[in-house]
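Residues in the sequence shown are numbered from 125 upward in steps of one, following my numbering. The structure appears right after this line, and notes come after that.
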Amino acid sequence: MKKVVLSLAVCGLIFATSCKKETTIETTTDGEVIETTTDYAVDDTALTDAEAELNRAKADLEAAKAKGDKEAEKIAQEAVDKANTAWEDVKAKANQVGNDIENAAENTKQDIKDAANKAGDKIDNAAQDTKDAVNKAAQDTKDATKKAAQDTKEGINNTLEKAKIK
(Lines of atoms letter the chains of each structure in order from A and count residues from 1; the text may use other names and numbers.)
(Lines give C-alpha, C1' and ligand atoms only; values in the text may rest on other atoms or scores of the structure.)
Protein backbone atom coordinates (compact mmCIF):
# COMPACT_ATOMS: atom_id res chain seq x y z
CA MET A 1 0.00 0.00 0.00
CA LYS A 2 2.82 2.37 0.85
CA LYS A 3 4.39 1.62 -2.54
CA VAL A 4 1.17 2.51 -4.36
CA VAL A 5 0.77 5.81 -2.54
CA LEU A 6 4.46 6.60 -2.99
CA SER A 7 4.39 5.81 -6.72
CA LEU A 8 1.31 7.99 -7.22
CA ALA A 9 2.95 10.85 -5.34
CA VAL A 10 6.16 10.48 -7.35
CA CYS A 11 4.21 10.49 -10.63
CA GLY A 12 2.42 13.65 -9.53
CA LEU A 13 5.66 15.37 -8.58
CA ILE A 14 7.34 14.39 -11.83
CA PHE A 15 4.40 15.75 -13.78
CA ALA A 16 4.26 18.94 -11.73
CA THR A 17 7.96 19.75 -12.08
CA SER A 18 8.29 18.98 -15.78
CA CYS A 19 7.06 21.31 -18.51
CA LYS A 20 8.32 19.43 -21.55
CA LYS A 21 6.91 16.64 -23.70
CA GLU A 22 6.31 13.85 -21.29
CA THR A 23 4.97 10.32 -21.35
CA THR A 24 3.65 9.13 -18.02
CA ILE A 25 2.87 5.48 -17.35
CA GLU A 26 0.82 4.79 -14.25
CA THR A 27 -0.44 1.53 -12.81
CA THR A 28 -3.62 1.73 -10.76
CA THR A 29 -4.31 -0.42 -7.71
CA ASP A 30 -6.51 -2.60 -9.95
CA GLY A 31 -3.51 -3.34 -12.20
CA GLU A 32 -4.73 -1.13 -15.06
CA VAL A 33 -1.90 0.60 -16.96
CA ILE A 34 -2.54 4.19 -18.05
CA GLU A 35 -0.17 5.93 -20.48
CA THR A 36 -0.46 9.70 -20.92
CA THR A 37 1.56 11.86 -23.33
CA THR A 38 1.54 15.61 -22.81
CA ASP A 39 3.38 18.24 -24.85
CA TYR A 40 4.42 21.31 -22.91
CA ALA A 41 6.79 23.63 -24.73
CA VAL A 42 6.61 26.49 -22.26
CA ASP A 43 9.29 27.20 -19.72
CA ASP A 44 10.53 30.32 -17.94
CA THR A 45 13.01 31.22 -20.67
CA ALA A 46 10.33 31.16 -23.39
CA LEU A 47 8.22 33.55 -21.36
CA THR A 48 11.17 35.85 -20.65
CA ASP A 49 12.35 35.75 -24.28
CA ALA A 50 8.88 36.61 -25.62
CA GLU A 51 8.60 39.53 -23.21
CA ALA A 52 12.07 40.79 -24.14
CA GLU A 53 11.24 40.55 -27.86
CA LEU A 54 8.05 42.54 -27.30
CA ASN A 55 9.95 45.22 -25.39
CA ARG A 56 12.59 45.44 -28.18
CA ALA A 57 9.89 45.77 -30.82
CA LYS A 58 8.18 48.53 -28.83
CA ALA A 59 11.51 50.36 -28.45
CA ASP A 60 12.13 50.07 -32.21
CA LEU A 61 8.64 51.45 -32.88
CA GLU A 62 9.27 54.43 -30.60
CA ALA A 63 12.62 55.07 -32.31
CA ALA A 64 10.97 54.96 -35.76
CA LYS A 65 8.25 57.38 -34.60
CA ALA A 66 10.87 59.73 -33.19
CA LYS A 67 12.72 59.78 -36.56
CA GLY A 68 9.46 60.34 -38.43
CA ASP A 69 10.24 57.51 -40.88
CA LYS A 70 6.82 56.20 -41.93
CA GLU A 71 8.19 53.06 -43.65
CA ALA A 72 10.30 52.12 -40.60
CA GLU A 73 7.32 52.90 -38.34
CA LYS A 74 5.10 50.54 -40.39
CA ILE A 75 7.69 47.74 -40.22
CA ALA A 76 8.22 48.35 -36.49
CA GLN A 77 4.45 48.27 -35.87
CA GLU A 78 4.22 44.90 -37.64
CA ALA A 79 7.09 43.64 -35.48
CA VAL A 80 5.28 44.87 -32.34
CA ASP A 81 2.08 43.12 -33.45
CA LYS A 82 3.92 39.85 -34.11
CA ALA A 83 5.85 40.07 -30.84
CA ASN A 84 2.64 40.87 -28.95
CA THR A 85 0.90 37.86 -30.54
CA ALA A 86 3.86 35.63 -29.64
CA TRP A 87 3.85 37.02 -26.08
CA GLU A 88 0.11 36.35 -25.71
CA ASP A 89 0.53 32.82 -27.10
CA VAL A 90 3.36 32.04 -24.67
CA LYS A 91 1.36 33.52 -21.79
CA ALA A 92 -1.72 31.49 -22.73
CA LYS A 93 0.37 28.33 -23.00
CA ALA A 94 1.98 29.05 -19.62
CA ASN A 95 -1.46 29.49 -18.08
CA GLN A 96 -2.58 26.23 -19.67
CA VAL A 97 0.48 24.46 -18.28
CA GLY A 98 -0.31 25.87 -14.84
CA ASN A 99 -3.90 24.69 -15.09
CA ASP A 100 -2.82 21.25 -16.30
CA ILE A 101 -0.36 20.94 -13.43
CA GLU A 102 -3.03 22.03 -10.97
CA ASN A 103 -5.48 19.48 -12.41
CA ALA A 104 -2.85 16.74 -12.34
CA ALA A 105 -2.03 17.54 -8.72
CA GLU A 106 -5.72 17.42 -7.82
CA ASN A 107 -6.14 14.10 -9.67
CA THR A 108 -3.07 12.68 -7.91
CA LYS A 109 -4.42 13.86 -4.58
CA GLN A 110 -7.76 12.16 -5.30
CA ASP A 111 -6.00 8.96 -6.46
CA ILE A 112 -4.04 8.88 -3.21
CA LYS A 113 -7.21 9.39 -1.19
CA ASP A 114 -8.95 6.62 -3.14
CA ALA A 115 -6.01 4.26 -2.61
CA ALA A 116 -5.97 5.06 1.11
CA ASN A 117 -9.72 4.44 1.35
CA LYS A 118 -9.36 1.10 -0.45
CA ALA A 119 -6.55 0.13 1.91
CA GLY A 120 -8.69 1.14 4.88
CA ASP A 121 -11.56 -0.95 3.56
CA LYS A 122 -9.26 -3.95 3.13
CA ILE A 123 -7.94 -3.50 6.67
CA ASP A 124 -11.52 -3.29 7.99
CA ASN A 125 -12.45 -6.45 6.08
CA ALA A 126 -9.38 -8.28 7.40
CA ALA A 127 -10.22 -7.21 10.95
CA GLN A 128 -13.81 -8.46 10.55
CA ASP A 129 -12.57 -11.75 9.07
CA THR A 130 -10.20 -12.18 12.03
CA LYS A 131 -13.01 -11.41 14.50
CA ASP A 132 -15.28 -13.92 12.77
CA ALA A 133 -12.54 -16.58 12.86
CA VAL A 134 -11.92 -15.99 16.58
CA ASN A 135 -15.65 -16.23 17.33
CA LYS A 136 -15.92 -19.45 15.29
CA ALA A 137 -12.90 -20.93 17.08
CA ALA A 138 -14.42 -20.02 20.45
CA GLN A 139 -17.74 -21.60 19.48
CA ASP A 140 -15.98 -24.72 18.16
CA THR A 141 -14.04 -25.00 21.43
CA LYS A 142 -17.23 -24.59 23.43
CA ASP A 143 -19.00 -27.24 21.33
CA ALA A 144 -16.04 -29.65 21.63
CA THR A 145 -15.89 -29.16 25.40
CA LYS A 146 -19.63 -29.79 25.71
CA LYS A 147 -19.35 -32.94 23.55
CA ALA A 148 -16.35 -34.16 25.58
CA ALA A 149 -18.32 -33.63 28.80
CA GLN A 150 -21.29 -35.52 27.33
CA ASP A 151 -19.04 -38.35 26.13
CA THR A 152 -17.40 -38.53 29.56
CA LYS A 153 -20.79 -38.63 31.27
CA GLU A 154 -21.96 -41.42 28.96
CA GLY A 155 -18.72 -43.30 29.56
CA ILE A 156 -19.16 -43.04 33.32
CA ASN A 157 -22.80 -44.15 33.08
CA ASN A 158 -21.83 -47.12 30.90
CA THR A 159 -19.12 -48.07 33.36
CA LEU A 160 -21.61 -47.88 36.26
CA GLU A 161 -24.13 -50.02 34.35
CA LYS A 162 -21.49 -52.63 33.70
CA ALA A 163 -20.42 -52.57 37.35
CA LYS A 164 -24.04 -53.15 38.51
CA ILE A 165 -24.47 -56.17 36.33
CA LYS A 166 -21.54 -58.15 37.80
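Heads up, the beta-carbon is just placed ideally off N, CA and C, and yes, glycines get one too.
Item to check | Cβ shell of I178 (< 7 Å), same chain only, five flanking positions each side left out | outcome: According to the sequence displayed, residue 178 carries Leu and not Ile. Contacts found: A207, N208 and W211.
Item to check | Between the CA atoms of K194 and D173 - distance to the nearest angstrom | outcome: 28 Å
Checklist entry - Do the CB positions of A188 and A196 come within less than 8 Å of each other? => result yes
Item to check | Assigned secondary structure, D213 (DSSP; H/G/I helix, E/B strand, else coil) | outcome: helix
Next on the checklist: Quick check: what's the CA-CA separation for I225 versus D235?
Outcome noted: 15 Å
Next on the checklist: Measuring only the C-alpha atoms, how far is E175 from I199?
Outcome noted: 19 Å
Next on the checklist: Whole angstroms are fine: how far does the CA of L185 sit from the CA of A218?
Outcome noted: 27 Å
Item to check | Burial state of A251 (16 or more Cβ within 10 Å) | outcome: exposed
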